[in-house]
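A quick write-up on the structure given underneath.
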Amino acid sequence: MSSNAALRFADRPAEQACVDYPLVSDLCADEIEQRIIRSYVGLVYQAVDTANRRSVVVMRLGPLEVHLTEIHPEDTTPGVPPFWIEVFDWPQQASIDSVGCYEFDEDELVAAVEMIVSTAQDTRRRKNLPPH
81 MSSNAALRFA
91 DRPAEQACVD
101 YPLVSDLCAD
111 EIEQRIIRSY
121 VGLVYQAVDT
131 ANRRSVVVMR
141 LGPLEVHLTE
151 IHPEDTTPGV
161 PPFWIEVFDW
171 PQQASIDSVG
181 CYEFDEDELV
191 AAVEMIVSTA
201 QDTRRRKNLP
211 PH
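The working numbering puts the first residue of the sequence shown at 81, with every later residue one more than the last.
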């Protein structure tokens with residue numbers, strides 16, 4: 081895991097959104113990253129169910145819920161990551177965005193945090209939620 085200073089966003093607005101955005105008001109990039117890692121550890125220790133994918137809730141952000149799901153090894157396709165982080169909009173009952181991960185290395189964690197923050201920002205704009 082990295083410190084906030086070491087975590088680099090593709091653009092400055094995404095980084096600032098971790099501080100300013102109301103759906104993630106108490107979160108920063110490092111906290112989101114830590115929640116992903118803790119969720120991964122929890123997922124690894126879940127009992128394996130051959131009938132279902134293993135999945136855990138990483139966090140809730142207003143109307144959004146972030147899930148971490150592991151695809152069964154027999155269901156994976158070469159070149160497709162076995163782990164997926166998905167942002168789900170409960171009121172709309174729809175998946176909004178997702179990103180696949182192989183090892184949760186620094187690049188994958190940065191991409192996941194950016195996706196979560198960006199999706200939360202887009203949801204706020206779409207639903208015309210106030211900035212604070």
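Just so it is clear, CB atoms sit at the ideal spot from N, CA and C, and this is done for glycine as well. Quick caveat: nothing in here was measured; it's all calculated off a predicted structure.
In terms of Cα proximity to residue 140, the closest of 133, 148 and 134 is 148. Under the three-state reduction of DSSP output, residue 149 falls in the strand class.
Taking residue 146 as reference, the option from 196, 157 and 201 with the minimal CA-CA separation is 196. The Cβ atoms of residue 116 and residue 165 lie closer than 8 Å to each other. Taking the CA atoms as reference points, residue 122 sits about 18 Å from residue 180.
The C-beta distance from residue 133 to residue 126 rounds to 10 Å, too long to meet the 8 Å contact threshold.
Taking C-beta separations shorter than 7 Å and ignoring five residues to either side along the sequence, the partners of residue 175 in its chain run 166 and 168, following chain order.
The three-state reading of DSSP puts residue 197 in helix, counting H, G and I together. For residue 191, same chain residues with a beta-carbon under 6 Å away, outside a window of 5 residues either side, are 179 in chain order.
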